[in-house]
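Remarks on the structure that follows.
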Amino acid sequence: MKNGVFYKSSEKFCPKGTFGNGGCYSSFDTCIDGVICKSSHKYCPKGPYGDGGCYSATFNRCFDGLICSSREFLCPKGSLGHGGCYLEYSNNCKEGLICRSNEDYCPEGPVGKGCCFLNSVSKCDNGVVIPF
Numbered sequence: 028m029k030n031g032v033f034y035k036s037s038e039k040f041c042p043k044g045t046f047g048n049g050g051c052y053s054s055f056d057t058c059i060d061g062v063i064c065k066s067s068h069k070y071c072p073k074g075p076y077g078d079g080g081c082y083s084a085t086f087n088r089c090f091d092g093l094i095c096s097s098r099e100f101l102c103p104k105g106s107l108g109h110g111g112c113y114l115e116y117s118n119n120c121k122e123g124l125i126c127r128s129n130e131d132y133c134p135e136g137p138v139g140k141g142c143c144f145l146n147s148v149s150k151c152d153n154g155v156v157i158p159f
């Protein structure tokens, strides 16, 4: 027993940390600042894009705290949006804004900041999307 927690002799104790509450973990796993990651996972530290955590390096990637699928890329924060994970072959990244492949980008104008829009059902005018 350590800090009020019962654990097996084959386990280790991970103390509460900045990023997690700790607990018991096997000798195969790792403890990083209160976060317990399985042996098959890596640790993604907290960063400007997310809180981080454990991730499978086989199926995921870490971008400054954001965990994305291995098929995704990071769209960095920009003047138009907060960014995030996006599929490069089916999405477009423009200054932190992620548009789908079937959407066009309406640039900033005197009336609006700009955004993504479907040109089949609307049009862009001075940074604002107007339905047909």
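In terms of our numbering, the sequence shown opens at residue 28 and continues consecutively.
For every residue, glycine included, the Cβ atom is placed at its ideal position computed from N, Cα and C.
Asked, Found
"Outcome for R88 when other beta-carbon atoms lying within 10 angstroms are tallied against a minimum of 16", "buried"
"Distance, P137 Cα to F86 Cα", "43 Å"
"Host beta strand (DSSP E) of V62 (start-end)", "62–64"
"Distance CB(L107)-CB(K140) smaller than 8 Å", "yes"
"Through-space distance from F159 to G123, alpha-carbon basis", "27 Å"
"Reduced DSSP secondary structure (H/G/I, E/B, other) of V155", "strand"
"Residue burial classification, V148 (beta-carbon count within 10 angstroms, cutoff 16)", "exposed"
"Length of the line joining the Cα atoms of S54 and E38", "6 Å"
"C-beta atoms of D78 and K65 nearer than 8 Å", "no"
"Closest Cα partner of C112 within the set I63, V155, S96", "S96"
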